[in-house]
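In this note's numbering, the protein residues as written are 4 to 649.
Accompanying notes for the structure given below.
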């Protein structure tokens, strides 16, 4: 994708004329169709007959909807024809009080910009790709004499060749393991590589050729790299024939040990070819998408085929699809999907899209080469699409069954904890420390759709008045900081960042500490429940503590109990992980790091001279001054730092 396609690019304003074409109309807050239509009509008067993107804004300036048009002057007035709009867009117009217009050179550019803005603002009236975490790739890193093979996510800044996307980290790991067996490429970091004086374990188990200690010549390693590239590019047959010939040659030369190495590499290649549950015969590079819809829910199945190999598949369930035609939902999904993933040369879909030619043009502009959008009618491509369609239907049925059981659990939870409505945001809190040291508070967030890991937070306990090991004081500090920030950033509670239910891993004491903290802050409408394991601390005998002192228990086989246990355990896992990270970091620090003016060089010189930081701390002024690189003034500063009280 071209960097200039992004709104934050230095020349983006020039390319999309954003500064020259911004129109804002403010109005009242309450939903009002007449006010919304009036705001849109005021904007229509100034619109050019050019391609562009428009944003509908509410009275607070939040984006309600992002759309694109071949001609803004012709498209935007349609929103004033209320009887012709579906109910979903009528609600959107009633909330609209302002618009932002951005003109573009072509309609394809408008489509690209629309996808970028939807991803940035996540408007409530656009179809949204709910699972938008980055996809993993295999990176053959080439900024070293001996290229390294590794898993990669995120921005592709490192020099090398990227192969992907893969559907999951597991599929990448399996492929890398097989590649190590086949091609014996290194996977270690450059620092690990440069500090080796003998081969590591990977060499012993025949997963690396040990270039770090010269066990393979540069040219031979380069040949392995080229073989790996050929395999990942779909030329596995050539690689297989080459390995077979090398094995026969080694056997004829009676070099049976080397023949066994080639045999094991051939086995790894055969394994990775045979482990693909979805056949990609007859298809080189393609993404395959099929859609299934039922009961207002849409499921999209994606297969990733690269070099004739299946690199995994994944199910997606876009949000905000109720009332949206299936073909329109699939088209919106594809534009957002390819916002991060480079499109292949061929994209197979299972239905006609409203603007297929425009979508193909936009994807081609992003990829920098031709991209074909196709509905296969026969042959291997059709078989692959039918398989994707079948998987889409099965995944949707599983999703609906899970949603039904989850909704039942949520209703039971709302009834048990006396909530006004089904909880949309549940926050779970826990503390972790060892005898008061490296204390950390943790917050985990969950909703009806599962854990929201991007909302997880950890709190380093830093109040000097908190006694080591005082769990109640730690909980008070965590709640003070969490809800003070919520009051500051979302006082009107409109951003969905306030919890509908707060669960605490603890009993009456922790609940009382949290409840008193919220009461002191003037917050009285947050449901608060504590979870303790009961007197015998057995799972299944949990007690649920209310702020008013009441306690409840659930049957040992209750689905709601299992769900609450999972929430509690996830908070416990996250808190322990945060504590271990903090403890590991603390173990790597030294008292010398706290001395002003001591950098890595002086720290190294002091440790080499005295042996330990404790010896530096107890050293006399004259001894400190004898250290190479430490002046008399620096020696005095070090001495004063450790003897300030004396």
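A virtual CB, placed ideally from N, CA and C, is assigned to each residue, including glycine.
The structure presented is a predicted model; accordingly, all values stated were derived computationally and were not measured.
Beta carbon proximity, residue 419 to chain C, threshold 8 angstroms: Note that chain C does not occur in the displayed structure, where there is just one protein chain.
One or two residues paired with residue 461 in a DSSP bridge: DSSP lists 445 as partners of residue 461.
So what's residue 147 in DSSP terms, helix, strand or just coil? In the structure shown, residue 147 adopts coil according to DSSP, grouped into three states.
Here's the rule: buried if 16 or more other CB atoms are within 10 angstroms of the residue's CB, otherwise exposed. What is residue 424? By the 10 Å Cβ count, residue 424 comes out exposed.
With H, G and I counted as helix, E and B as strand and the rest as coil, what does DSSP make of residue 259? Residue 259 sits in a helix when the DSSP states are folded into three classes.
C-alpha gap between residue 118 and residue 407, whole angstroms: The alpha-carbon of residue 118 is positioned some 31 angstroms away from that of residue 407.
To which residues does DSSP link residue 318 through a beta bridge? DSSP, once it has assigned bridges, lists 304 as partnering residue 318.
Can we say the stretch 572 to 592 touches the stretch 435 to 446, given the rule of at least three CB pairs closer than 8 angstroms? Under the 8 angstroms Cβ criterion, the stretch 572 to 592 counts as touching the stretch 435 to 446, having at least three qualifying pairs.
Sequence ranges, alpha helix (DSSP H) only - wholly within the stretch 547 to 633, length at least 4: Within the stretch 547 to 633, the complete alpha helix (DSSP H) runs of at least 4 residues are 562 to 590, 603 to 613, 616 to 621 and 624 to 628.
Just the Cα atoms here: how many angstroms apart are residue 128 and residue 36? Between residue 128 and residue 36, the alpha-carbon positions lie close to 16 angstroms from each other.
Decide if residue 29 is buried, meaning its Cβ has at least 16 other Cβ atoms within 10 Å, or exposed. Because residue 29 carries a pLDDT of 42, less than 50, the predicted location of this residue cannot be relied on, and the following value inherits that uncertainty. So residue 29 ends up on the exposed side.
Less than 8 angstroms between the beta carbons of residue 398 and residue 376, yes or no? It is not a contact, given that the beta carbons lie outside the stated cut-off.
To the nearest angstrom, how far is the alpha carbon of residue 432 from that of residue 498? So the alpha carbons of these two residues sit roughly 21 angstroms apart.
Are residue 508 and residue 532 closer than 8 angstroms when you measure CB to CB? Not in contact: residue 508 and residue 532 (Cβ atoms no closer than 8 angstroms).
Please report the Cβ distance between residue 304 and residue 323, rounded to the nearest whole angstrom; I am assuming they are in contact, meaning their Cβ atoms lie under 8 angstroms. Rounded to whole angstroms, the Cβ separation of residue 304 and residue 323 is 19 angstroms, and the two are not in contact under 8 angstroms.
Quick check on DSSP: helix, strand or coil for residue 503? Judged by DSSP in its simplified three-state form, residue 503 adopts coil rather than helix or strand.
For residue 208, count neighbouring Cβ atoms within 10 angstroms of its own Cβ and tell me buried if that reaches 16, exposed if not. Exposed is the call here.
Where does the unbroken beta strand (DSSP E) through residue 375 begin, and where does it stop? Run containing residue 375: 375 to 377, per the beta strand (DSSP E) assignment.
Count the other C-beta atoms from every protein chain shown that fall within 10 angstroms of the C-beta of residue 99, then say buried if there are 16 or more, exposed otherwise. Within 10 angstroms of the beta-carbon of residue 99 lie 16 or more other beta-carbons, which makes it buried.
Mind checking whether residue 190 and residue 250 have CB atoms under 8 angstroms apart? Inclusion of residue 190 and residue 250 in the CB contact set at 8 angstroms is not warranted, their separation being larger than that value.
Please determine if the stretch 90 to 109 and the stretch 295 to 315 are in contact, where contact requires at least 3 C-beta pairs separated by less than 8 angstroms. By the Cβ rule, the stretch 90 to 109 does not count as touching the stretch 295 to 315, because fewer than three pairs are nearer than 8 angstroms.
7 angstroms CB neighbourhood of residue 199 in its chain, flanking five on each side removed: In the same chain as residue 199, and ignoring 5 residues on each side of it, the C-beta atoms closer than 7 angstroms to its own belong to 215 and 216, in chain order.
Between 311, 335, 314 and 309, which lies nearest to residue 320 when the distance is taken from Cα to Cα? In terms of Cα proximity to residue 320, the closest of 311, 335, 314 and 309 is 335.
For residue 166, the residue or residues it bridges with in DSSP: BP columns for residue 166 point to 141.
Does DSSP classify residue 420 as helix, strand or coil? Three-state result, residue 420: coil.
Tell me whether the stretch 39 to 58 and the stretch 72 to 86 touch, counting them as touching only if at least three CB pairs, one residue from each stretch, are closer than 8 angstroms. These segments touch.
Which residue or residues does DSSP assign as beta-bridge partners of residue 155? Bridge partners of residue 155 according to DSSP: 140.
Can the beta-carbon of residue 3 be found less than 8 angstroms from the beta-carbon of residue 116? Only positions 4 to 649 of the chain appear in the structure, and residue 3 is not among them; the question remains open.
Inspect the CB distances between the stretch 453 to 465 and the stretch 599 to 614 and report whether three or more fall short of 8 angstroms. Two segments are said to touch when three or more pairs of C-beta atoms, one from each, lie closer than 8 angstroms; by this definition the stretch 453 to 465 does not touch the stretch 599 to 614.
Under the assumption that residue 159 contacts residue 102 (Cβ atoms under 8 angstroms), give the Cβ distance between them as a whole number of angstroms. Not a contact, Cβ separation roughly 35 angstroms.
Just the Cα atoms here: how many angstroms apart are residue 494 and residue 34? Taking C-alpha positions only, residue 494 is separated from residue 34 by approximately 21 angstroms.
Are residue 110 and residue 361 touching if we call contact CB-CB under 8 angstroms? A contact, by the Cβ cut-off of 8 angstroms.
Beta-carbon spacing of residue 419, residue 530 below 8 angstroms: Their beta carbons are not under 8 angstroms apart, which means residue 419 does not touch residue 530 by this criterion.
Check whether the Cβ atoms of residue 288 and residue 348 lie closer than 8 angstroms to each other. In contact: residue 288 and residue 348 (Cβ atoms closer than 8 angstroms).
Close Cβ partners of residue 44 (< 7 angstroms) along its chain, the five nearest in sequence each way excluded: Same-chain partners within the cutoff: 83.
Buried or exposed, going by whether 16 or more other CB atoms sit within 10 Å of the CB of residue 437? Per the 10 Å Cβ criterion, exposed.
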